[in-house]
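Student:
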Amino acid sequence: MTDPLVIRWVSLAVTVAIAAVALWAFGDGRHRRRTPRDPEESVGRLVARIEVRRPGQPVQRVDVENGALLGRARDCVVPFDDAAVSKWHARLHCDGTIASIEDLASTNGTFVNGERIETPTALRRGDRIGLGTNQIVFQGIARSGRAHH
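One gets this note's numbering by counting positions in the sequence shown from 1 and adding 355 to each.
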């Protein structure tokens with residue numbers, strides 16, 4: 356016959372183990388779980404709204420998320436077919452209501468309003484970003500749910 360005290364301790368250990376697994380799998384309840392019906396989710400993420408101007412091509416309006424790569428590489432969000440543009444030339448950042456551009460040690464540099472930048476540079480509406488023979492005009496920050504292309 357099994358000792359009732361042993362059964363109680365084993366039952367307690369099993370209960371504690373189940374509670375630990377549940378906390379690990381589902382969280383401790385302090386963090387709000389976001390669902391698709393969450394108003395914040397339906398509005399969309401912050402994006403930088405830009406106009407891309409390539410020589411001899413129509414203006415392209417693009418909304419890009421934080422960290423968007425600009426360059427010649429195929430994995431860039433905004434790719435350029437221009438020998439003067441490095442493979443990974445620059446990166447756009449959106450942090451709250453502030454957008455900035457960062458040169459990624461490109462060969463020919465990144466320019467904002469005609470000035471070569473050496474450090475991440477904050478952007479204002481209407482600023483012109485130069486990459487090789489291409490220009491990007493910063494239009495501002497928007498919510499991706501209201502994007503226009």
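All C-beta atoms, glycine included, are put in the ideal place defined by N, C-alpha and C.
Are the CB atoms of Thr488 and Pro413 within a distance shorter than 7 Å?
Tutor: no
Student: Can you have a look at Ala368 and say buried or exposed, based on whether 16 or more other CB atoms are within 10 angstroms of its CB?
Tutor: Classification of Ala368: exposed, given that the 10 Å Cβ count is below 16.
Student: Under 8 Å: do the segment 424-434 and the segment 468-481 share three or more Cβ pairs, one atom per stretch?
Tutor: The segment 424-434 and the segment 468-481 do not touch, with fewer than 3 CB-CB distances between them shorter than 8 Å.
Student: For the candidate residues Ile456, Ala477, Cys449, whose alpha-carbon lies nearest to that of Ile496?
Tutor: Cys449
Student: Determine the DSSP secondary structure at Leu367, reduced to helix, strand or coil.
Tutor: In the three-state DSSP reduction, Leu367 falls in the helix class (H, G or I).
Student: Pick helix, strand or coil for Ala372, following the three-state DSSP scheme.
Tutor: helix
Student: Taking all protein chains shown into account, do 16 or more other C-beta atoms lie within 10 angstroms of the C-beta of Thr452, making it buried, or fewer, making it exposed?
Tutor: Exposed.
Student: Give the secondary structure of Val419 by DSSP, where H, G and I count as helix, E and B as strand, and everything else as coil.
Tutor: strand
Student: Output needed for Gln415: all residues of its chain with C-beta closer than 6 Å, excluding positions within five of it in sequence on either side, in chain order.
Tutor: Val407
Student: Please go through the same chain and pick out, in chain order, the residues whose beta-carbon is closer than 7 Å to the beta-carbon of Val417, but skip the five residues on each side of it.
Tutor: Excluding residues within five positions, the ones whose Cβ falls inside 7 Å are Ile405, Val407, Val433, His504.
Student: Could you pull out every residue in the same chain whose Cβ sits closer than 7 Å to the Cβ of Lys442, ignoring the five residues on either side in sequence?
Tutor: Gly426, Arg427, Ala428
Student: Quick check on the DSSP output: the beta strand (DSSP E) that includes His485 runs from which residue to which?
Tutor: Checking the sequence, you will find Gly at residue 485 rather than His. Element bounds for Gly485: 483-486.
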